[in-house]
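Going letter by letter, the sequence shown gives residues 181 to 430 in the working numbering. Even glycine gets a Cβ: it sits at the ideal position worked out from N, Cα and C. Contents: one structure, followed by commentary.
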Amino acid sequence: MAQRPSPILETHQLSKRFGGFLANDRIDFSVAPGEIRGIIGPNGAGKSTFVNLMSGVHAPSSGEVLLAGQSLTGLKAYQIARKGLARSFQVSRVFGNLSLVDNLLAPHLAQAHSRAGREEGLAKAWRFLELTRLTRLAHQPAKALSGGQRVLLQAAAGFMIPSLSCYLLDEPFAGVNPVIKDQLMELIEEENRARGLTFVVVSHEMAVMRRLCHKITVLIEGRVVAEGPLDEVAARQDVVTAYLGKSYSG
Numbered sequence: 181m182a183q184r185p186s187p188i189l190e191t192h193q194l195s196k197r198f199g200g201f202l203a204n205d206r207i208d209f210s211v212a213p214g215e216i217r218g219i220i221g222p223n224g225a226g227k228s229t230f231v232n233l234m235s236g237v238h239a240p241s242s243g244e245v246l247l248a249g250q251s252l253t254g255l256k257a258y259q260i261a262r263k264g265l266a267r268s269f270q271v272s273r274v275f276g277n278l279s280l281v282d283n284l285l286a287p288h289l290a291q292a293h294s295r296a297g298r299e300e301g302l303a304k305a306w307r308f309l310e311l312t313r314l315t316r317l318a319h320q321p322a323k324a325l326s327g328g329q330r331v332l333l334q335a336a337a338g339f340m341i342p343s344l345s346c347y348l349l350d351e352p353f354a355g356v357n358p359v360i361k362d363q364l365m366e367l368i369e370e371e372n373r374a375r376g377l378t379f380v381v382v383s384h385e386m387a388v389m390r391r392l393c394h395k396i397t398v399l400i401e402g403r404v405v406a407e408g409p410l411d412e413v414a415a416r417q418d419v420v421t422a423y424l425g426k427s428y429s430g
């Protein structure tokens with residue numbers, strides 16, 4: 181019998197309390213290398229807090245986060261990114277006054293400082309501009325982009341991190357048109373296939389989760405209540421009641 185690979189990302193009894201409010205309650209979670217995992221749950225379920233804990237934006241009240249068996253607990257967000265765990269934000273964060281090329285070069289050059297590293301970065305930047313259909317805007321300032329184009333640029337910038345092994349995407353499809361949405365899904369699928377990157381995707385978009393995700397984790401009131409294929413977790417009455425309701429179509 182084949183041995184299962186060790187998780188690339190895992191949390192043990194991870195909790196976060198804001199004053200008297202317990203946002204995440206002793207979450208045990210693990211993702212295999214090369215997996216695309218979805219996280220769903222109703223508003224206020226603690227999904228973004230969970231992403232913030234794993235990526236170092238918030239410090240946990242208790243528990244631990246590990247990447248490839250190494251603890252990330254206590255590290256700053258930029259230190260975690262250098263170890264290979266990156267994340268996107270619901271409101272896209274780009275350098276508005278920099279060109280698209282320079283936005284993509286920035287995360288690459290933060291780890292690769294040599295002339296050869298810059299040339300490699302430029303080649304990668306142009307590849308991602310082609311994949312996202314943004315080539316014609318390459319030398320325009322990022323502030324000139326539409327909201328959906330900024331989503332694509334932010335996602336592509338994460339892929340530019342040389343050490344990237346796991347990418348957390350927090351509501352990357354919210355408010356973007358179908359064309360941009362499909363481009364982003366294609367980008368995720370391509371990088372998963374070509375580089376074996378692992379993804380954790382938080383989204384309310386059930387059609388997207390069905391297409392992308394090997395497995396779904398359901399958070400309700402800061403706790404994991406179900407895990408498995410989308411159809412399996414969607415059949416649970418507690419999940420239907422708390423989140424999916426009539427929005428889910430089998």
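Straight-line measurement puts the Cα of A318 at about 44 Å from the Cα of V405. At a Cβ-Cβ threshold of 8 Å, L314 and L280 count as neighbours. When secondary structure is reduced to three states using DSSP, N357 falls in the coil class, being assigned neither helix nor strand. Looking only at M389, H384, S235, the smallest Cα-Cα distance to G224 is reached by H384.
Boundaries of the alpha helix (DSSP H) harbouring I260: 257-262, taken from the DSSP string. Judged by DSSP secondary structure, F339 falls within the alpha helix (DSSP H) whose first and last residues are 327-339. Counting only runs of 4+ residues, the alpha helix (DSSP H) found wholly inside the segment 265-321 occupies 280-289, 295-311, in chain order.
One Cα belongs to V419, the other to R262, and the distance between them is close to 36 Å. The beta carbon of K227 sits closer than 7 Å to those of I219, G221, V382, L399, all from its chain and outside the five residues before and after it, given in chain order.
Partner residues in the beta bridge of G218, as assigned by DSSP, are V381, I396. The alpha carbon of R307 has as its nearest neighbour, out of M389, L367, E401, D411, the alpha carbon of L367.
When DSSP reads this structure, I207 sits in a beta bridge with L194. As computed with DSSP, L202 is found in a beta bridge with R197. In the three-state reduction of the DSSP assignment, A387 falls in the helix class, which pools H, G and I. Cα atoms of G199 and V331: separation of roughly 33 Å, rounded to the nearest angstrom. Classified as exposed, K256 has fewer than 16 neighbouring CB atoms from the shown chains inside 10 Å of its CB. In the structure shown, V231 adopts helical secondary structure according to DSSP, grouped into three states. Cβ-Cβ distances below 8 Å link A212 to R184, P185, P187, I188, T378 in the same chain, with the five nearest sequence neighbours on each side left out; the list follows chain order. By the Cβ neighbour-count rule, P352 is buried, with 16 or more other Cβ atoms within 10 Å of its own.
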